[in-house]
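So this is what it looks like as structure tokens:
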């Protein structure tokens, strides 16, 4: 009964490098959400994906950030040319295929990105 | 989106009950009230949710006011492992969970 898996748990990058964060949803879940948490703040929604589709990316910065959820494999959040302000914890959540009002999202342990 | 107000922090002694309040006076009739908690260096963990009636599960109880403008998460016997930030989140057919600053619960041994 594996939960949402994220890797790596910790990622260190220098300014200008690329960061790739991976998320495997719970078994049977086909909806994935990414959130970002800055230090001492609550989580902020970034993007909502279903298999091979981006449903809502309204919370994601327009530049340098992209997300995908391919037919096979994990969801990927990609940050190009990282800057110090990208340092944060990035959480992935998943939910089952049938969306209902009370659907619960289940969160992974997060990836803590540090940009030097 | 419904706004929530929670105390910044609360303390409890171990083995005693804890009542964590949340004010959500702008909640709409179809908003479910979800509670999550976030332990240090972990992702948010689902605790409980409800619409109108009080709810119980193995982790906690949720008491919802009759006018639905507030709710209270009840931990019946706090343990040291319950030390976390607790968030109440009204949800109405949206996937964009809005996390406020939550209540940081300290449990004293």
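Residue numbers (my numbering), protein chains in the order written: chain A, 21 to 136; chain B, 2 to 110. Here a beta-carbon is modelled for each residue, glycine too, at the ideal position from N, C-alpha and C.
CB contact flag (residue 89 of chain A, residue 52 of chain A, <7 Å): yes
Three-state secondary structure (DSSP) of residue 52 of chain B: coil
Beta-bridge pairing of residue 46 of chain A - partner residues as DSSP gives them: According to DSSP, which records beta bridges pairwise, residue 46 of chain A is partnered with nothing at all.
With 16 other Cβ atoms within 10 Å as the buried cut-off, status of residue 31 of chain B: exposed
CB of residue 32 of chain A within 7 Å of CB of residue 126 of chain A, strictly: no
Residues that DSSP places opposite residue 76 of chain A in a beta bridge: A:68
Contact set between residue 97 of chain B and chain A, taken where Cβ atoms lie within less than 9 Å: 53, 65, 68, 76, 78 and 79
Proximity test, Cβ basis, 7 Å: residue 129 of chain A and chain B: yes
Residue 63 of chain B versus residue 71 of chain B: straight-line alpha-carbon distance, rounded: 11 Å
Limits of the beta strand (DSSP E) - the one that residue 34 of chain B falls within: 33-39
Residue-level contact to chain A via CB, residue 7 of chain B, 7 Å cutoff: no
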